[in-house]
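So in the working numbering, the last spot in the sequence shown is 505, and the numbers never skip.
Just so you know, even glycine gets a beta-carbon here, dropped at the ideal spot from N, CA and C.
Everything on this sheet refers to the single structure shown next.
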Amino acid sequence: MPFLLTSLFLCGASSLVLEIAGTRLISPFYGSSIYTWSALITTTMVALACGYAWGGRLADRYPHLTLFARLLLAAGLTVAAVPILREAVLRASAPLGVKLGALAAAAVLVGPSLLLLGALLPIATRLTATGASDAGRRCGDAWAVSTAGSVLGAVLAGFVLIPLWPCSRILLATAAVLVALGAWGSWLAARRLPLGQMAACAACLTLAVRAAQIPHETVRRRVESLYGRIEVLDAGSKRYLLVNGTAQSVMETATGLSAAEYDRAIEWTLALRPGAKRVLALGLGAGLLPTALEREGLSVDAVEIDPEIVNVARDFFGYAPKGRVQIADARAALETSVQRWDLMVLDAFSSESPPSHLFTVEAFARMRESMSPDGVLAVNLVTTLEGSAGDAWRATYQTLAQAFPHVRAFVANVPTAGLANVLFFASTGPLDAPASASPAGARADASAMLSRELILTQDEQDSAPVMTDDHAPLESLLAGTAVRWRTLLQRDLSEALLH
(Lines of atoms letter the chains of each structure in order from A; the text may use other names.)
(Lines give C-alpha, C1' and ligand atoms only; values in the text may rest on other atoms or scores of the structure.)
Protein backbone atom coordinates (compact mmCIF):
# COMPACT_ATOMS: atom_id res chain seq x y z
CA MET A 7 0.00 0.00 0.00
CA PRO A 8 1.55 3.34 -1.05
CA PHE A 9 0.38 5.10 2.09
CA LEU A 10 2.11 2.64 4.41
CA LEU A 11 5.39 2.70 2.51
CA THR A 12 5.33 6.50 2.30
CA SER A 13 4.66 6.68 6.03
CA LEU A 14 7.48 4.27 6.85
CA PHE A 15 9.88 6.27 4.71
CA LEU A 16 8.97 9.57 6.38
CA CYS A 17 8.91 8.01 9.85
CA GLY A 18 12.40 6.63 9.26
CA ALA A 19 13.52 10.11 8.28
CA SER A 20 11.80 11.61 11.33
CA SER A 21 13.56 9.23 13.73
CA LEU A 22 17.02 10.33 12.54
CA VAL A 23 16.02 13.99 12.51
CA LEU A 24 14.89 13.58 16.13
CA GLU A 25 18.11 11.83 17.14
CA ILE A 26 20.39 14.44 15.58
CA ALA A 27 18.27 17.43 16.58
CA GLY A 28 18.06 15.96 20.06
CA THR A 29 21.74 16.69 20.62
CA ARG A 30 21.02 20.34 19.87
CA LEU A 31 18.12 20.27 22.34
CA ILE A 32 20.26 19.34 25.32
CA SER A 33 23.77 20.46 24.29
CA PRO A 34 23.30 24.08 25.45
CA PHE A 35 22.77 22.71 28.96
CA TYR A 36 24.85 19.51 28.90
CA GLY A 37 27.42 20.28 26.21
CA SER A 38 28.26 18.27 23.10
CA SER A 39 30.67 15.84 24.72
CA ILE A 40 30.62 12.07 24.40
CA TYR A 41 28.08 11.98 27.24
CA THR A 42 25.51 13.90 25.23
CA TRP A 43 25.93 11.77 22.14
CA SER A 44 25.87 8.57 24.19
CA ALA A 45 22.67 9.74 25.89
CA LEU A 46 20.94 10.35 22.55
CA ILE A 47 22.15 7.14 20.94
CA THR A 48 21.17 5.09 24.01
CA THR A 49 17.74 6.70 24.13
CA THR A 50 17.20 6.13 20.42
CA MET A 51 18.17 2.46 20.48
CA VAL A 52 16.20 1.64 23.64
CA ALA A 53 13.10 3.55 22.51
CA LEU A 54 13.09 1.97 19.05
CA ALA A 55 13.65 -1.52 20.48
CA CYS A 56 10.75 -1.07 22.90
CA GLY A 57 8.65 0.35 20.07
CA TYR A 58 9.33 -2.64 17.83
CA ALA A 59 8.33 -5.08 20.58
CA TRP A 60 5.23 -3.13 21.56
CA GLY A 61 4.19 -2.54 17.96
CA GLY A 62 4.47 -6.23 17.16
CA ARG A 63 2.06 -7.11 19.94
CA LEU A 64 -0.35 -4.36 18.91
CA ALA A 65 -0.21 -5.56 15.30
CA ASP A 66 -1.37 -9.05 16.30
CA ARG A 67 -4.21 -7.74 18.47
CA TYR A 68 -5.42 -4.82 16.33
CA PRO A 69 -4.30 -5.29 12.71
CA HIS A 70 -6.11 -2.19 11.48
CA LEU A 71 -5.05 0.93 9.58
CA THR A 72 -6.85 3.03 12.17
CA LEU A 73 -4.31 1.98 14.81
CA PHE A 74 -1.43 2.93 12.51
CA ALA A 75 -2.96 6.35 11.84
CA ARG A 76 -3.60 7.07 15.51
CA LEU A 77 -0.04 6.20 16.45
CA LEU A 78 1.16 8.60 13.75
CA LEU A 79 -0.96 11.36 15.27
CA ALA A 80 0.34 10.51 18.74
CA ALA A 81 3.93 10.65 17.46
CA GLY A 82 3.27 14.07 15.95
CA LEU A 83 1.75 15.24 19.23
CA THR A 84 4.76 14.13 21.28
CA VAL A 85 7.22 15.77 18.87
CA ALA A 86 5.26 19.03 19.00
CA ALA A 87 5.38 18.91 22.80
CA VAL A 88 9.19 18.86 22.92
CA PRO A 89 9.77 22.65 22.51
CA ILE A 90 7.13 23.28 25.19
CA LEU A 91 8.62 20.85 27.71
CA ARG A 92 12.33 21.38 26.98
CA GLU A 93 13.04 24.03 29.60
CA ALA A 94 11.16 22.25 32.38
CA VAL A 95 12.80 18.90 31.59
CA LEU A 96 16.32 20.35 31.52
CA ARG A 97 15.69 22.16 34.79
CA ALA A 98 14.33 19.02 36.45
CA SER A 99 17.18 16.82 35.18
CA ALA A 100 19.97 19.16 36.33
CA PRO A 101 20.25 17.72 39.89
CA LEU A 102 21.12 14.32 38.39
CA GLY A 103 24.46 15.63 37.16
CA VAL A 104 25.95 15.87 33.70
CA LYS A 105 25.91 12.16 32.84
CA LEU A 106 22.58 10.96 34.24
CA GLY A 107 20.99 14.34 33.60
CA ALA A 108 21.78 14.20 29.89
CA LEU A 109 20.43 10.65 29.69
CA ALA A 110 17.25 11.54 31.59
CA ALA A 111 16.62 14.66 29.51
CA ALA A 112 17.09 12.76 26.26
CA ALA A 113 14.81 9.94 27.42
CA VAL A 114 11.98 12.28 28.40
CA LEU A 115 12.22 14.66 25.45
CA VAL A 116 12.65 12.33 22.48
CA GLY A 117 12.08 8.86 23.95
CA PRO A 118 8.26 8.82 23.64
CA SER A 119 8.30 9.98 20.02
CA LEU A 120 10.91 7.40 19.03
CA LEU A 121 9.00 4.64 20.81
CA LEU A 122 5.85 5.48 18.83
CA LEU A 123 7.79 5.68 15.56
CA GLY A 124 9.35 2.30 16.28
CA ALA A 125 5.94 0.74 16.91
CA LEU A 126 4.79 1.66 13.40
CA LEU A 127 7.19 -0.66 11.58
CA PRO A 128 5.81 -4.05 12.73
CA ILE A 129 2.25 -2.77 12.35
CA ALA A 130 2.92 -1.75 8.74
CA THR A 131 4.56 -5.12 8.08
CA ARG A 132 1.49 -6.92 9.44
CA LEU A 133 -0.88 -4.80 7.36
CA THR A 134 1.00 -5.32 4.09
CA ALA A 135 1.54 -9.09 4.44
CA THR A 136 -1.17 -11.21 2.82
CA GLY A 137 0.00 -14.50 4.27
CA ALA A 138 2.97 -16.60 5.31
CA SER A 139 4.14 -16.91 1.71
CA ASP A 140 5.09 -13.24 1.36
CA ALA A 141 5.71 -12.27 5.00
CA GLY A 142 9.50 -12.29 4.59
CA ARG A 143 9.44 -10.12 1.49
CA ARG A 144 6.99 -7.66 3.02
CA CYS A 145 9.09 -7.43 6.18
CA GLY A 146 12.24 -6.82 4.13
CA ASP A 147 10.53 -4.14 2.05
CA ALA A 148 9.29 -2.36 5.17
CA TRP A 149 12.73 -2.33 6.79
CA ALA A 150 14.40 -1.21 3.56
CA VAL A 151 11.99 1.69 3.06
CA SER A 152 12.29 2.77 6.69
CA THR A 153 16.09 2.60 6.57
CA ALA A 154 16.17 4.57 3.32
CA GLY A 155 14.10 7.22 5.05
CA SER A 156 16.57 7.24 7.93
CA VAL A 157 19.41 7.88 5.48
CA LEU A 158 17.51 10.84 4.06
CA GLY A 159 16.74 12.11 7.56
CA ALA A 160 20.40 11.98 8.56
CA VAL A 161 21.47 13.87 5.44
CA LEU A 162 18.68 16.44 5.75
CA ALA A 163 19.28 17.06 9.44
CA GLY A 164 23.04 17.41 9.23
CA PHE A 165 23.47 19.13 5.89
CA VAL A 166 20.30 21.16 5.42
CA LEU A 167 17.92 21.61 8.33
CA ILE A 168 20.22 22.32 11.30
CA PRO A 169 22.38 24.86 9.41
CA LEU A 170 19.26 26.68 8.17
CA TRP A 171 16.60 26.43 10.88
CA PRO A 172 16.37 26.71 14.66
CA CYS A 173 15.88 23.38 16.39
CA SER A 174 12.34 24.32 17.42
CA ARG A 175 11.33 24.90 13.79
CA ILE A 176 12.79 21.53 12.76
CA LEU A 177 10.74 19.80 15.43
CA LEU A 178 7.57 21.64 14.45
CA ALA A 179 8.04 20.71 10.79
CA THR A 180 8.60 17.08 11.78
CA ALA A 181 5.48 17.12 13.94
CA ALA A 182 3.45 18.64 11.12
CA VAL A 183 4.56 15.89 8.71
CA LEU A 184 3.56 13.17 11.18
CA VAL A 185 0.19 14.78 11.90
CA ALA A 186 -0.51 15.11 8.17
CA LEU A 187 0.33 11.43 7.68
CA GLY A 188 -1.95 10.52 10.58
CA ALA A 189 -4.81 12.51 9.09
CA TRP A 190 -4.26 10.86 5.70
CA GLY A 191 -4.29 7.41 7.28
CA SER A 192 -7.44 8.17 9.26
CA TRP A 193 -9.21 9.25 6.10
CA LEU A 194 -8.17 6.09 4.28
CA ALA A 195 -9.25 3.90 7.21
CA ALA A 196 -12.68 5.38 7.94
CA ARG A 197 -13.28 8.21 5.46
CA ARG A 198 -13.30 10.65 8.34
CA LEU A 199 -10.79 12.65 10.31
CA PRO A 200 -10.16 12.19 14.07
CA LEU A 201 -11.06 15.76 14.93
CA GLY A 202 -10.32 15.41 18.65
CA GLN A 203 -6.78 14.17 18.14
CA MET A 204 -6.12 16.69 15.39
CA ALA A 205 -7.36 19.52 17.60
CA ALA A 206 -4.98 18.40 20.35
CA CYS A 207 -2.12 18.31 17.83
CA ALA A 208 -3.02 21.76 16.52
CA ALA A 209 -3.12 23.17 20.05
CA CYS A 210 0.24 21.61 20.86
CA LEU A 211 1.78 22.96 17.66
CA THR A 212 0.45 26.43 18.46
CA LEU A 213 1.90 26.34 21.97
CA ALA A 214 5.20 25.07 20.59
CA VAL A 215 5.38 27.95 18.12
CA ARG A 216 4.75 30.43 20.91
CA ALA A 217 7.31 28.76 23.18
CA ALA A 218 9.90 28.99 20.41
CA GLN A 219 9.22 32.69 19.97
CA ILE A 220 9.61 33.74 23.62
CA PRO A 221 12.68 36.00 23.76
CA HIS A 222 15.20 36.07 26.58
CA GLU A 223 16.42 39.51 27.41
CA THR A 224 20.05 38.59 28.07
CA VAL A 225 20.59 36.66 24.83
CA ARG A 226 21.93 39.06 22.22
CA ARG A 227 22.25 36.52 19.43
CA ARG A 228 21.58 32.83 18.97
CA VAL A 229 22.51 30.98 15.79
CA GLU A 230 22.78 27.32 14.83
CA SER A 231 25.97 26.71 12.88
CA LEU A 232 27.42 23.56 11.38
CA TYR A 233 29.45 23.11 14.56
CA GLY A 234 26.91 23.87 17.28
CA ARG A 235 24.67 26.46 18.85
CA ILE A 236 26.39 29.84 19.19
CA GLU A 237 25.03 32.30 21.74
CA VAL A 238 26.02 35.76 22.86
CA LEU A 239 24.57 36.68 26.23
CA ASP A 240 24.99 39.43 28.77
CA ALA A 241 25.15 38.53 32.45
CA GLY A 242 25.95 41.28 34.92
CA SER A 243 28.90 43.31 33.69
CA LYS A 244 30.14 40.60 31.35
CA ARG A 245 29.35 39.40 27.85
CA TYR A 246 29.77 35.69 27.11
CA LEU A 247 30.35 33.80 23.90
CA LEU A 248 28.90 30.31 24.32
CA VAL A 249 29.22 27.38 21.96
CA ASN A 250 26.93 24.49 22.88
CA GLY A 251 26.50 26.11 26.26
CA THR A 252 30.24 26.27 26.97
CA ALA A 253 31.83 29.67 27.59
CA GLN A 254 34.51 30.25 24.96
CA SER A 255 35.20 33.93 25.72
CA VAL A 256 34.19 36.46 28.38
CA MET A 257 34.41 40.22 27.90
CA GLU A 258 34.01 43.12 30.31
CA THR A 259 31.30 45.12 28.58
CA ALA A 260 32.45 48.42 30.08
CA THR A 261 35.99 48.19 28.69
CA GLY A 262 35.72 45.74 25.82
CA LEU A 263 38.66 43.81 27.31
CA SER A 264 38.86 40.13 28.13
CA ALA A 265 37.67 39.19 31.60
CA ALA A 266 39.79 36.03 31.54
CA GLU A 267 43.12 36.08 33.37
CA TYR A 268 44.69 33.62 30.96
CA ASP A 269 44.02 35.92 28.00
CA ARG A 270 46.20 38.57 29.62
CA ALA A 271 48.78 36.14 31.01
CA ILE A 272 49.33 34.71 27.55
CA GLU A 273 50.73 38.08 26.50
CA TRP A 274 53.88 37.02 28.36
CA THR A 275 54.88 35.59 24.98
CA LEU A 276 55.66 39.17 23.92
CA ALA A 277 58.23 39.35 26.70
CA LEU A 278 59.76 36.08 25.54
CA ARG A 279 60.21 37.36 22.00
CA PRO A 280 60.18 41.18 22.11
CA GLY A 281 61.07 41.40 18.43
CA ALA A 282 58.04 39.39 17.31
CA LYS A 283 55.96 40.92 14.54
CA ARG A 284 53.63 38.21 13.23
CA VAL A 285 51.22 36.08 15.25
CA LEU A 286 48.91 33.24 14.26
CA ALA A 287 45.84 32.50 16.40
CA LEU A 288 44.55 28.95 15.98
CA GLY A 289 40.98 29.35 17.16
CA LEU A 290 39.41 32.79 17.27
CA GLY A 291 36.76 32.74 19.97
CA ALA A 292 35.48 36.29 20.40
CA GLY A 293 38.71 37.70 18.98
CA LEU A 294 39.69 39.37 22.26
CA LEU A 295 43.29 38.12 22.34
CA PRO A 296 44.02 38.98 18.68
CA THR A 297 42.59 42.44 19.31
CA ALA A 298 44.80 42.90 22.38
CA LEU A 299 47.90 41.77 20.47
CA GLU A 300 47.13 44.11 17.59
CA ARG A 301 46.96 46.98 20.07
CA GLU A 302 50.59 46.12 20.90
CA GLY A 303 51.53 46.63 17.27
CA LEU A 304 51.63 43.02 16.09
CA SER A 305 50.11 41.66 12.90
CA VAL A 306 47.72 38.86 13.87
CA ASP A 307 46.34 36.26 11.47
CA ALA A 308 43.65 33.85 12.63
CA VAL A 309 42.32 30.46 11.64
CA GLU A 310 38.75 29.65 12.70
CA ILE A 311 36.71 26.71 11.49
CA ASP A 312 33.27 28.27 12.03
CA PRO A 313 32.38 31.37 9.97
CA GLU A 314 29.55 32.20 12.36
CA ILE A 315 32.10 32.64 15.17
CA VAL A 316 33.86 35.29 13.08
CA ASN A 317 30.57 37.08 12.44
CA VAL A 318 29.69 37.09 16.14
CA ALA A 319 33.16 38.32 17.12
CA ARG A 320 32.82 41.24 14.73
CA ASP A 321 29.24 42.13 15.64
CA PHE A 322 29.34 41.81 19.44
CA PHE A 323 32.95 41.82 20.64
CA GLY A 324 34.52 44.63 18.62
CA TYR A 325 36.72 42.36 16.54
CA ALA A 326 38.06 44.33 13.57
CA PRO A 327 40.94 42.27 12.21
CA LYS A 328 43.88 43.88 10.47
CA GLY A 329 45.39 40.52 9.58
CA ARG A 330 44.03 37.64 7.56
CA VAL A 331 41.18 35.47 8.86
CA GLN A 332 41.05 32.02 7.29
CA ILE A 333 37.95 29.85 7.62
CA ALA A 334 39.40 26.37 7.92
CA ASP A 335 40.36 23.59 10.29
CA ALA A 336 43.56 24.68 12.03
CA ARG A 337 45.46 21.50 11.17
CA ALA A 338 44.40 21.61 7.53
CA ALA A 339 45.36 25.29 7.27
CA LEU A 340 48.85 24.60 8.60
CA GLU A 341 49.39 21.67 6.25
CA THR A 342 48.90 23.91 3.22
CA SER A 343 50.56 27.07 4.55
CA VAL A 344 54.01 28.24 3.51
CA GLN A 345 54.04 31.29 5.80
CA ARG A 346 56.01 31.60 9.03
CA TRP A 347 54.93 33.28 12.26
CA ASP A 348 56.97 34.50 15.22
CA LEU A 349 54.31 33.56 17.77
CA MET A 350 51.49 31.06 17.61
CA VAL A 351 48.55 30.70 20.02
CA LEU A 352 46.53 27.48 20.12
CA ASP A 353 43.24 28.25 21.88
CA ALA A 354 40.68 26.08 20.11
CA PHE A 355 37.83 24.25 21.80
CA SER A 356 35.01 22.00 20.74
CA SER A 357 32.60 22.31 23.65
CA GLU A 358 34.54 21.35 26.82
CA SER A 359 37.66 19.93 25.18
CA PRO A 360 40.05 20.95 22.42
CA PRO A 361 40.01 19.04 19.13
CA SER A 362 42.29 16.09 19.83
CA HIS A 363 43.91 16.17 16.38
CA LEU A 364 45.50 19.51 17.32
CA PHE A 365 47.18 18.04 20.42
CA THR A 366 49.32 15.32 18.86
CA VAL A 367 53.06 15.09 18.28
CA GLU A 368 52.49 15.41 14.55
CA ALA A 369 50.31 18.52 14.98
CA PHE A 370 52.81 20.23 17.29
CA ALA A 371 55.65 19.37 14.90
CA ARG A 372 53.73 21.00 12.05
CA MET A 373 53.18 24.09 14.20
CA ARG A 374 56.92 24.22 14.90
CA GLU A 375 57.63 24.07 11.17
CA SER A 376 55.27 27.02 10.61
CA MET A 377 57.13 29.24 13.08
CA SER A 378 60.23 31.33 12.61
CA PRO A 379 63.46 30.16 14.30
CA ASP A 380 63.04 30.43 18.07
CA GLY A 381 59.34 31.17 17.64
CA VAL A 382 57.03 30.50 20.59
CA LEU A 383 53.89 28.37 20.69
CA ALA A 384 51.39 29.13 23.48
CA VAL A 385 48.72 26.50 24.21
CA ASN A 386 45.66 26.93 26.42
CA LEU A 387 44.05 23.94 28.12
CA VAL A 388 41.21 23.98 30.65
CA THR A 389 41.77 21.09 33.02
CA THR A 390 41.84 19.85 36.57
CA LEU A 391 45.27 19.55 38.14
CA GLU A 392 45.38 16.85 40.79
CA GLY A 393 45.46 13.08 40.63
CA SER A 394 44.33 11.14 37.61
CA ALA A 395 42.13 14.08 36.59
CA GLY A 396 45.36 15.95 35.85
CA ASP A 397 46.50 13.39 33.27
CA ALA A 398 45.38 15.70 30.46
CA TRP A 399 47.86 18.48 31.21
CA ARG A 400 50.65 16.00 31.88
CA ALA A 401 49.99 14.25 28.56
CA THR A 402 49.95 17.61 26.78
CA TYR A 403 53.27 18.56 28.39
CA GLN A 404 54.89 15.30 27.38
CA THR A 405 53.51 15.54 23.84
CA LEU A 406 54.83 19.06 23.41
CA ALA A 407 58.21 17.91 24.71
CA GLN A 408 58.47 15.46 21.81
CA ALA A 409 58.24 18.33 19.32
CA PHE A 410 60.02 21.16 21.17
CA PRO A 411 63.23 21.08 23.25
CA HIS A 412 61.95 23.78 25.60
CA VAL A 413 58.52 23.50 27.28
CA ARG A 414 57.10 25.24 30.34
CA ALA A 415 53.61 25.04 31.88
CA PHE A 416 51.84 27.42 34.27
CA VAL A 417 48.49 27.70 36.02
CA ALA A 418 47.15 30.94 34.57
CA ASN A 419 44.40 31.60 37.11
CA VAL A 420 43.23 30.63 40.57
CA PRO A 421 41.37 27.31 40.16
CA THR A 422 37.58 27.46 40.40
CA ALA A 423 35.82 24.25 41.46
CA GLY A 424 39.10 22.49 40.74
CA LEU A 425 39.32 23.86 37.18
CA ALA A 426 42.09 26.06 35.84
CA ASN A 427 43.55 27.33 32.60
CA VAL A 428 46.96 25.76 32.09
CA LEU A 429 49.16 27.67 29.66
CA PHE A 430 51.98 25.86 27.91
CA PHE A 431 54.83 27.66 26.20
CA ALA A 432 57.02 25.74 23.77
CA SER A 433 59.95 26.77 21.60
CA THR A 434 63.23 25.68 20.09
CA GLY A 435 64.84 28.50 22.08
CA PRO A 436 64.94 29.45 25.78
CA LEU A 437 61.75 30.47 27.58
CA ASP A 438 62.95 32.94 30.19
CA ALA A 439 61.69 36.49 30.65
CA PRO A 440 60.48 38.56 33.62
CA ALA A 441 56.78 39.37 33.90
CA SER A 442 57.73 43.06 33.96
CA ALA A 443 58.70 42.80 30.29
CA SER A 444 55.09 41.95 29.38
CA PRO A 445 52.68 44.63 28.11
CA ALA A 446 51.57 46.91 30.94
CA GLY A 447 48.02 45.56 31.11
CA ALA A 448 49.24 41.99 31.39
CA ARG A 449 52.06 42.29 33.92
CA ALA A 450 50.07 41.48 37.06
CA ASP A 451 48.48 38.38 35.53
CA ALA A 452 51.78 37.28 33.99
CA SER A 453 53.52 37.70 37.34
CA ALA A 454 50.85 35.63 39.11
CA MET A 455 51.09 32.98 36.41
CA LEU A 456 54.88 32.71 36.67
CA SER A 457 54.54 32.00 40.40
CA ARG A 458 52.42 28.91 39.62
CA GLU A 459 54.68 26.86 37.38
CA LEU A 460 53.90 23.17 36.92
CA ILE A 461 56.86 20.79 37.01
CA LEU A 462 56.57 17.13 36.06
CA THR A 463 58.23 14.64 38.37
CA GLN A 464 60.21 11.82 36.83
CA ASP A 465 57.42 9.37 37.65
CA GLU A 466 54.89 11.64 35.96
CA GLN A 467 57.09 11.94 32.89
CA ASP A 468 57.38 8.17 32.70
CA SER A 469 53.63 7.56 33.09
CA ALA A 470 52.18 10.43 31.05
CA PRO A 471 51.01 9.26 27.61
CA VAL A 472 52.32 10.88 24.45
CA MET A 473 49.45 11.68 22.10
CA THR A 474 49.82 10.84 18.42
CA ASP A 475 47.61 10.87 15.36
CA ASP A 476 47.22 7.13 15.86
CA HIS A 477 46.13 7.48 19.49
CA ALA A 478 45.08 10.80 21.01
CA PRO A 479 42.91 10.08 24.09
CA LEU A 480 42.53 13.75 25.00
CA GLU A 481 38.74 13.70 25.29
CA SER A 482 38.78 10.72 27.63
CA LEU A 483 41.55 12.32 29.71
CA LEU A 484 39.38 15.43 30.01
CA ALA A 485 36.18 13.54 30.87
CA GLY A 486 36.30 14.59 34.52
CA THR A 487 37.12 18.15 33.53
CA ALA A 488 34.13 18.24 31.19
CA VAL A 489 31.78 17.21 33.99
CA ARG A 490 33.14 19.86 36.37
CA TRP A 491 33.08 22.58 33.72
CA ARG A 492 29.53 21.78 32.70
CA THR A 493 28.39 21.72 36.34
CA LEU A 494 30.01 25.11 36.91
CA LEU A 495 28.29 26.59 33.86
CA GLN A 496 24.93 25.21 34.94
CA ARG A 497 25.41 26.85 38.32
CA ASP A 498 26.38 30.26 36.99
CA LEU A 499 24.43 30.51 33.72
CA SER A 500 21.57 28.04 34.08
CA GLU A 501 18.78 30.49 33.25
CA ALA A 502 20.42 31.61 30.03
CA LEU A 503 21.27 28.04 29.01
CA LEU A 504 17.64 26.96 29.39
CA HIS A 505 16.33 29.44 26.83
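Under three-state DSSP, which class holds V420? coil
Under 7 angstroms Cβ to Cβ from V104, same chain only, skipping five residues before and after it: list those, please. Y36, Y41, V489, R492 and T493
CB-CB under 6 angstroms to P471, same chain, minus the five flanking residues each way: which ones, in chain order? A401
Helix, strand or coil: which one does DSSP assign to W347? strand
Delimiting residues of the alpha helix (DSSP H) encompassing E267: E267 to A271
Note down the Cα distance separating G289 from W190, rounded to an integer number of angstroms. 50 angstroms
So for G289, helix, strand or coil by DSSP? coil
Cα-Cα, which of V23, E341 and G396 is closest to T180? V23
From A94, T84 and S442, residue whose alpha carbon lies closest to that of V280: Note that residue 280 is Pro in the sequence shown, not Val. Looking at the Cα atoms, S442 is the closest of the given residues.
Decide if T342 is buried, meaning its Cβ has at least 16 other Cβ atoms within 10 Å, or exposed. exposed
What residue range does the alpha helix (DSSP H) around Y246 cover? Counting along the chain, Y246 falls outside any alpha helix (DSSP H), though it belongs to the beta strand (DSSP E) covering K244 to V249.
With respect to the alpha helix (DSSP H) encompassing T224, which residues constitute its N-terminal and C-terminal limits? T224 -> no alpha helix (DSSP H), and no H or E assigned at all.
Using DSSP's beta-bridge definition, name the partner residues of S378. Beta-bridge pairing links S378 to no other residue.
Just mark E267 as buried or exposed, buried being the case when its beta carbon has 16 or more other beta carbons within 10 Å. buried
Determine the burial state of I461: buried for a count of at least 16 other Cβ atoms within 10 Å of its Cβ, exposed for fewer. exposed
Kindly indicate which three-state DSSP category R67 falls into: helix, strand or coil? helix
In three-state terms, what does DSSP make of E358? coil
A308, enclosing beta strand (DSSP E) - first and last residue: S305 to E310
Given V116 as reference, the closest of V318, S378 and L83 once Cα atoms are compared: L83
Tell me the DSSP secondary structure of L387 in three-state form. strand
Excluding sequence positions up to five away, which residues of its chain have a Cβ less than 7 angstroms from the Cβ of N427? Y268, N386, V388, A418 and N419
Could you check what DSSP says for V472 in three-state terms: helix, strand or coil? coil
If distances are taken between C-alpha atoms only, which option among P296, R301 and L10 comes closest to R330? P296
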